[in-house]
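Numbering of the sequence shown is given in my numbering, commencing with residue 1185 and proceeding in unit increments. Data first, discussion second: the structure below is written as structure tokens.
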Amino acid sequence: MLFSAACERNKQPILEVLTQRLPEAAQVLEVGSGSGQHAVHMARHLPGLRWQPSELAAHLSELAERLNLEGTVGLAPGASIAEPLELDVTRREQWPDGPFDAVFTANTCHIMPAAAVPQLLAGAARVLRPGGLLLLYGPFRNGDEHTAPSNADFDAHLRSIDPAMGVRDARELGRQALTLGLVLVADQAMPANNRTLVFERQVLADAPSR
Ligand SMILES: C[S@@+](CC[C@H](N)C(=O)[O-])C[C@H]1O[C@@H](n2cnc3c(N)ncnc32)[C@H](O)[C@@H]1O
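What follows is the structure, given as structure tokens:
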């Protein structure tokens, strides 16, 4: 079964952020669920949670493996994990209808091609309810500055594998998000030089067409 050591380390700090930020019985869409460890951990601790995992077609069966084994065991009262969806953020037709209280994604922005990141933001803006939250967990830089040497090394490593990958600029994300009606409301420091960027979907009088 697919297993991520990073997920084991970050799932509890992420749970603490979600506990603080999500409403009761939240409906959450997760993008790029990977091994499913976040889905299972959150559903074991957040009562009433409805978690919708998703992945690229190529990784759906690995995700389903964990969810089939663990996705119904020891969940918090009223919590559930839905059947995982196929979702490539660049495929508009694959986005579910929503509305969701939150869209969560961990360690995906630096892996998906740079050109896909605005599509992640746009998709989240479409499916979130007004007041809903987009939570991006992972390493981010500020302009050209990395927040730690290890993140600079990681960025260089990613770009050497594929120039389309790389640690994203939180300020640029904030600017792009704003044009979509997503306002940065928190930038929470997380262990190991990671961050959770929290955006809130505003109700715009003249919403731009997306
Ligand atoms: C480093 S893994 C992180 C997985 C999991 N969220 C975690 O924290 O362990 C990056 C994930 O991004 C997903 N991904 C890459 N490109 C994507 C895209 N265009 N749309 C949706 N997910 C994508 C990959 O399939 C992969 O599962």
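For every residue, glycine included, the Cβ atom is placed at its ideal position computed from N, Cα and C.
Spatial neighbours of residue i in its chain, beta-carbon cut-off 6 angstroms, leaving aside the 5 residues before and after
i, result
"D1398", "Within the shown structure, residues of the chain are numbered from 1185 to 1394, placing residue 1398 beyond reach of any answer."
"P1283", "R1313"
DSSP-derived helix/strand/coil call for residue i
i, result
"D1339", "helix"
"Q1204", "helix"
"E1265", "A quick correction: the sequence has Ile, not Glu, at residue 1265. Strand, per DSSP."
"P1314", "strand"
"R1379", "strand"
"Q1372", "strand"
"L1364", "coil"
"G1350", "coil"
"N1326", "strand"
"Q1303", "helix"
"S1141", "Within the shown structure, residues of the chain are numbered from 1185 to 1394, placing residue 1141 beyond reach of any answer."
"S1245", "helix"
Contacts around residue i, its chain only, beta-carbon distance under 7 angstroms, and the 5 residues preceding and following it disregarded
i, result
"I1295", "M1349"
"R1226", "Position check: residue 1226 holds Met in this sequence, whereas Arg was assumed. The residues are L1199, L1202, L1233, W1235."
Residue closest to residue i, alpha-carbon to alpha-carbon, out of the options
i, options, result
"A1248", "G1258, P1237, V1257", "P1237"
"V1215", "F1288, L1199, D1328, N1326", "F1288"
"G1327", "A1189, A1354, A1227", "A1354"
"I1345", "P1297, R1250, P1302, A1266", "P1297"
"F1187", "R1325, S1217, R1205", "S1217"
- Message: Closer than 8 angstroms is the cut-off here; do at least three beta carbon pairs connect the region 1210-1229 with the region 1190-1198?
- Response: Touching, yes, given that three or more Cβ pairs across the two stretches are closer than 8 angstroms.
- Are three or more beta carbon pairs between the region 1361-1381 and the region 1297-1310 nearer than 8 angstroms? yes
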